[in-house]
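J.: The structure under discussion is supplied below as structure tokens; questions concerning it will follow.
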Amino acid sequence: MSTGPTTTTEVVRVHASGPAAQAVATLLAALDQGLAGRPAAAVLFFASSAYDPAHLAPAISGHFPTAAVIGCSTAGEFTDQSNGTGGVSAVALPHGLLRTATAALGHLDPDPSEGTAAAVRDLEHRLGAQLRTLDPDRHLGLILVDGMHGSEEQVNDMLGNTAPLLGFVGGSAGDDFTFRTTWVSVGAQYSHHGVALMLCESAVPFQVVKSCSFTPTGRTLEVTEADVENRTVYEFDNRPAVTAYAEAIGADPTTLSAENWMEHPVGLMIDGQPWIRSPQQVLPDGGLRFYCQIHPGMRVEIMRSTDLLAETSAALHAARTTLGGDVAGAVLFNCCLRRLEMDAKDLSDKFPSALAGIPAAGFHTYGESWFGHVNQTLTGVVFGPVS
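Numbering (UniProt numbering), first residue to last: 1 to 387.
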């Protein structure tokens, strides 16, 4: 089954499902139909972990030999016309929308920083220029990174040091909540502990979007003891972390659960905007593990969940307005915890309609990237119209 090819917009997005060979054939036929003879500069695909990357990456990249092609495993896939699990979503960005696109695969084992640096060197060699010299108004980075080894902070730190003004936006690969292994791919190659980097030179204006449906409660906690590498907080305000957090949200510390995490993550406030860090679990040693690193000395605000669909729609409408009202499409990365919230509130079928009528494709992630690693957020890029 497939949904979504179009010849009326510059971005082509599709969704396919079924056995791998069938899904790939359907997806490629739909992309070809939507491109209508236009060459693709870049293709991104996002697939259920039920698919073997060896059955997807070579076939998709081989079909687009002149395009930069990256992909990853997911915790669900979507377009502006469908939202579900167990399939493959993809988006093709044609020449005319992009001037160029270049991709590189970094292997993060044993050193995520060096693996990222090697991928950056590969990109710079292909581009013939250092990333820090590129114009951030014309150039954009897209990133897909392994979601199981906790390497996202090191990867984003390396990218920030290498190209501090150039934004890399994307998400962490998922594995349909089995929490065993994820994969990312560049061309026909793939890695179960890697990062896929794509550098695009856009021919049109673009707008990065970030939306998290939370508001501060006015209650703050200071991290006074933490194991940063393992994303675990042991003390807030010099008190046991679990006790202090539970008290701040009005919950029983012995019954904290995913429902609490979804409704009341914490936010690092920067310029009045929250950058979300979501609790993951209470550890036997009394620590509170998060999906993101939290450092001692940080003051974080207890957040309260608001209207996920309305705020997503508002953020995308704002991007559309900034770009003049007419847009070519978007690539989006939505946190899997937001997917779980939508599932719990019976909102999943309504998610595509919240994408502001923008042709889009993306996936539900194990974390989101944009100048850092965050949770419970939608990130992405919206492209303006081709003139």
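Think of the CB as a built atom: it goes at the ideal place given N, C-alpha and C, for glycine as much as any other residue.
Let me check understanding here. Comparing Cα to Cα, which of 22, 80, 176, 173 lies closest to residue 350?
T.: Locating residue 350 in the sequence shown gives position 350, counting from the first residue. The option with the nearest alpha carbon to residue 350 is 80.
J.: Does the beta-carbon distance from residue 300 to residue 272 come in below 8 Å?
T.: Within the sequence shown, numbered from 1, the residue matching residue 300 stands at position 300. Within the sequence shown, numbered from 1, the residue matching residue 272 stands at position 272. Contact: no.
J.: Considering Cα atoms alone, identify which of 233, 234, 264 is closest to residue 248.
T.: Here residue 248 is taken as the residue at index 248 of the sequence shown, counted from 1. Answer by Cα proximity: 264.
J.: My guess is that residue 61 and residue 87 are in contact by the Cβ rule of under 8 Å, so how many angstroms apart are they, rounded?
T.: To locate residue 61, count along the sequence shown from 1; it is residue 61. To locate residue 87, count along the sequence shown from 1; it is residue 87. With 8 Å as the limit, residue 61 and residue 87 do not qualify as a contact, their Cβ atoms being about 19 Å apart.
J.: When the Cα of residue 211 is compared with those of 386, 30, 374, which residue comes out closest?
T.: Within the sequence shown, numbered from 1, the residue matching residue 211 stands at position 211. Comparing Cα positions, the closest option is 374.
J.: Quick check: residue 381 and residue 206, are their CB atoms within less than 8 Å of each other?
T.: Against the sequence shown, residue 381 aligns to sequence position 381. Against the sequence shown, residue 206 aligns to sequence position 206. Going by C-beta atoms, residue 381 is nearer than 8 Å to residue 206.
J.: Quick one: which unbroken alpha helix (DSSP H) runs of 4-plus residues sit fully inside the region 104-140? Chain order, please.
T.: Runs of the alpha helix (DSSP H) inside the region 104-140: 112-127.
J.: Looking at the structure shown, is residue 81 part of a helix, part of a strand, or coil, going by DSSP?
T.: Within the sequence shown, numbered from 1, the residue matching residue 81 stands at position 81. Coil, per DSSP.
J.: Determine the burial state of residue 242: buried for a count of at least 16 other Cβ atoms within 10 Å of its Cβ, exposed for fewer.
T.: Here residue 242 refers to the residue found at position 242 of the sequence shown. So residue 242 counts as buried.
J.: Can you tell me whether residue 160 is helix, strand or coil according to DSSP?
T.: Within the sequence shown, the letter at position 160 stands for residue 160. The answer is helix: DSSP assigns residue 160 an H, G or I state.
J.: Is the region 358-369 touching the region 63-80 in the sense that three or more CB pairs, one from each, lie closer than 8 Å?
T.: The answer is yes - the region 358-369 touches the region 63-80, with three or more Cβ pairs under 8 Å.
J.: Report the residue from 200, 160, 126 whose alpha carbon sits nearest the alpha carbon of residue 95.
T.: Taking the sequence shown and counting its residues from 1, the one referred to as residue 95 is at position 95. Out of 200, 160, 126, 200 has the C-alpha closest to the C-alpha of residue 95.
J.: Under 8 Å Cβ to Cβ from residue 352, same chain only, skipping five residues before and after it: list those, please.
T.: Position 352 of the sequence shown holds residue 352. So the list reads 78, 79, 80, 81, 82, 83, once near-sequence residues are dropped.
J.: Hey, is the region 136-155 in contact with the region 166-175, meaning 3+ C-beta pairs nearer than 8 Å?
T.: Touching, yes.
J.: Under the rule that 16 or more other beta-carbon atoms within 10 Å means buried, what is residue 277, buried or exposed?
T.: Translated into positions along the sequence shown, residue 277 becomes position 277. It counts as buried.
J.: Do you know offhand how far residue 16's Cα is from residue 90's?
T.: Within the sequence shown, the letter at position 16 stands for residue 16. Within the sequence shown, the letter at position 90 stands for residue 90. Their Cα atoms are separated by approximately 9 Å.
J.: Quick one: which unbroken alpha helix (DSSP H) runs of 4-plus residues sit fully inside the region 19-104? Chain order, please.
T.: List check, alpha helix (DSSP H) in window: 20-35, 53-63.
J.: From the DSSP output, in three-state form, read off residue 274 for me.
T.: In the sequence shown, counting from the first residue as 1, residue 274 sits at position 274. Three-state DSSP puts residue 274 in a strand.
J.: Rounded to whole angstroms, what is the Cα-Cα separation between residue 313 and residue 258?
T.: The count along the sequence shown starts at 1 and reaches residue 313 at position 313. The count along the sequence shown starts at 1 and reaches residue 258 at position 258. Taking the straight line from one Cα to the other gives about 25 Å.
J.: Looking at residue 308 and residue 341, is the spacing between their C-beta atoms short of 8 Å?
T.: Reading the sequence shown from its first residue, position 341 is the one you call residue 341. Reading the sequence shown from its first residue, position 308 is the one you call residue 308. A contact, by the Cβ cut-off of 8 Å.
J.: Considering only the beta carbon of each residue, do residue 68 and residue 42 sit closer than 8 Å?
T.: As a position in the sequence shown, residue 68 is number 68, starting the count at 1. As a position in the sequence shown, residue 42 is number 42, starting the count at 1. Contact: yes.
J.: Quick check on residue 227: does DSSP put it in helix, strand or coil?
T.: Position 227 of the sequence shown, counted from the start, is the residue given in the question as residue 227. Residue state, collapsed to three classes: strand.
J.: Taking the continuous beta strand (DSSP E) assigned at residue 334, which residues delimit it?
T.: For the purposes of this step, residue 334 is identified with residue 334 of the sequence shown, where counting begins at 1. Where residue 334 is concerned, the enclosing beta strand (DSSP E) stretches over 329-335.
J.: Return the chain-ordered list of same chain residues with a C-beta closer than 7 Å to the C-beta of residue 319, the five sequence neighbours on each side being excluded.
T.: Against the sequence shown, residue 319 aligns to sequence position 319. So the list reads 207, 209, 382, once near-sequence residues are dropped.
J.: Could you tell me whether the Cβ atoms of residue 104 and residue 123 are closer together than 8 Å?
T.: Counting from one through the sequence shown, the residue named residue 104 turns up at place 104. Counting from one through the sequence shown, the residue named residue 123 turns up at place 123. Yes, the Cβ-Cβ distance between residue 104 and residue 123 is below 8 Å.
J.: Tell me which same chain residues have a C-beta within less than 7 Å of the C-beta of residue 384, skipping the five on either side of it?
T.: Residue numbering aside, residue 384 sits at position 384 when the sequence shown is read from its first letter. Result list for residue 384: 204, 205, 206, 323, 324, 327, 328, in chain order.
J.: CA-CA distance, residue 281 and residue 107?
T.: For the purposes of this step, residue 281 is taken as residue 281 along the sequence shown, with counting starting at 1. For the purposes of this step, residue 107 is taken as residue 107 along the sequence shown, with counting starting at 1. Going by the C-alpha atoms only, they are around 28 Å apart.
J.: Run through the DSSP bridge pairs and tell me what residue 364 is partnered with.
T.: Taking the first residue of the sequence shown as position 1, residue 364 is located at position 364. Answer by DSSP bridge pairing, in chain order: 334.
J.: Might you give, ordered along the chain, the residues of its own chain that have their beta carbon closer than 8 Å to the beta carbon of residue 160, omitting 5 neighbours on each side?
T.: One-based indexing of the sequence shown puts residue 160 at position 160. Excluding sequence neighbours, residue 160 sits near 371, 372.
J.: Mind listing, in chain order, the continuous beta strand (DSSP E) runs of no fewer than 3 residues lying wholly within the region 157-220?
T.: 168-172, 184-186, 189-191, 194-202, 206-211, all fully within the region 157-220.
J.: For my contact list, residue 174 and residue 73 are in at a C-beta cut-off of 8 Å; report their separation, rounded to the angstrom.
T.: In the sequence shown, residue 174 corresponds to position 174, counting from 1. In the sequence shown, residue 73 corresponds to position 73, counting from 1. Right, the Cβ-Cβ distance comes to about 6 Å (below 8 Å), so this counts as a contact.
J.: How many Å lie between residue 386 and residue 128 at the Cα?
T.: Position 386 of the sequence shown, counted from the start, is the residue given in the question as residue 386. Position 128 of the sequence shown, counted from the start, is the residue given in the question as residue 128. Taking the straight line from one Cα to the other gives about 26 Å.
J.: Please report the straight-line C-alpha distance between residue 202 and residue 377, rounded to a whole angstrom.
T.: Start at 1 with the first residue of the sequence shown, and residue 202 comes out as number 202. Start at 1 with the first residue of the sequence shown, and residue 377 comes out as number 377. In a straight line, the C-alpha of residue 202 is about 24 Å away from that of residue 377.
J.: Roughly how many whole angstroms lie between the Cα atoms of residue 92 and residue 356?
T.: Position 92 of the sequence shown, counted from the first residue, corresponds to residue 92. Position 356 of the sequence shown, counted from the first residue, corresponds to residue 356. The straight-line gap from Cα to Cα measures roughly 19 Å.
J.: When DSSP builds the beta bridges, which residues end up paired with residue 240?
T.: Locating residue 240 in the sequence shown gives position 240, where the first residue counts as 1. Per DSSP, 235.
J.: Less than 8 Å between the beta carbons of residue 395 and residue 226, yes or no?
T.: Because the chain is modelled from 1 through 387, residue 395 falls outside the range shown and cannot be assessed.
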